[in-house]
Each structure stands twice: as structure tokens, then as C-alpha cells.
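Participant:
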Amino acid sequence: PDHIILRQAHNALHQGDIPTAVKQYEQLLNRMVLLNEIILDLQDALYRYPVEMSIWQTLGDAYMRNNQLQDALDAYTKAEELLR
Numbered sequence: 020p021d022h023i024i025l026r027q028a029h030n031a032l033h034q035g036d037i038p039t040a041v042k043q044y045e046q047l048l049n050r051m052v053l054l055n056e057i058i059l060d061l062q063d064a065l066y067r068y069p070v071e072m073s074i075w076q077t078l079g080d081a082y083m084r085n086n087q088l089q090d091a092l093d094a095y096t097k098a099e100e101l102l103r
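Residues in the sequence shown are numbered from 20 upward in steps of one, following our numbering.
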């Protein structure tokens, strides 16, 4: 089931449905599963949507749960800059 949700989130991103994708990634993040795959998907998504604050924030959450704290802080900082 987790891989199905990951695939759905990935497909939603590629279709430009960012809110749905973020919601599905958050489901996985809350269960602390597939963190590396989520991080890779979100990093890839930022090439297409470099100013999408919700992707930066979700990437920060993924980094945090994966104990990549400096990367998490960097992603959160970028999200905050986009809010201004």
C-alpha cells in the first residue's frame, strides 16, 4: 500500500496536482516510510516547480524525519523565503 501511495503522489506531481501530491507524501511521512524515495521525488519535482513553497516545506519534513537536519533547515529556509 505504501508504494501505491508513493506512485499516486509521483503521478500527481507529474500532472501538476501539487496539493494532492503533497497530501499523499505527508501520509507516508507521518508513518516514516519510504523516506529516501520521497526525498528523491521531491528533489526532482523542484526542477519543475522551483518556487513551489509546499514542495520545499514537504521536502524539509522528509529531511527532518530522515535525520538530515541541515538539509531540513535549508529547505525550510527556502520555503520561508518564498512566503515573502
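No residue lacks a Cβ here, since even glycine has one placed at the ideal position from N, Cα and C. Here the structure is a predicted model, which is why all the values come from computation and not from measurement.
1. The alpha helix (DSSP H) that contains Gln62, what's its start and end?
2. Using DSSP with H/G/I as helix, E/B as strand and the rest coil, what is Met51?
3. Pairs of beta-carbons, one from the segment 81 to 88 and one from the segment 50 to 60, closer than 8 Å: are there three or more?
4. Might you give, ordered along the chain, the residues of its own chain that have their beta carbon closer than 8 Å to the beta carbon of Ala31, omitting 5 neighbours on each side?
5. Residue range of the alpha helix (DSSP H) that Arg26 falls in?
Facilitator: Reading from the atomic positions:
1. Translated into the one-based positions of the sequence shown, residue 62 becomes position 43. Counted as a single uninterrupted DSSP element, the alpha helix (DSSP H) harbouring Gln62 occupies residues 54 to 67.
2. Counting from 1 along the sequence shown, the entry for residue 51 is found at position 32. In the structure shown, Met51 sits in coil (DSSP, three-state: anything other than H, G, I, E or B).
3. Judged by Cβ distances under 8 Å, the segment 81 to 88 makes contact with the segment 50 to 60, as three or more pairs qualify.
4. For this step, residue 31 is matched to residue 12 along the sequence shown. Shown here for Ala31: same chain residues with a beta carbon closer than 8 Å to its own, the five before and five after excluded, namely Ile37, Thr39, Ala40, Gln43 in chain order.
5. Your numbering for residue 26 matches position 7 in the sequence shown. Per DSSP, Arg26 is one residue of the alpha helix (DSSP H) stretching across 21 to 33.
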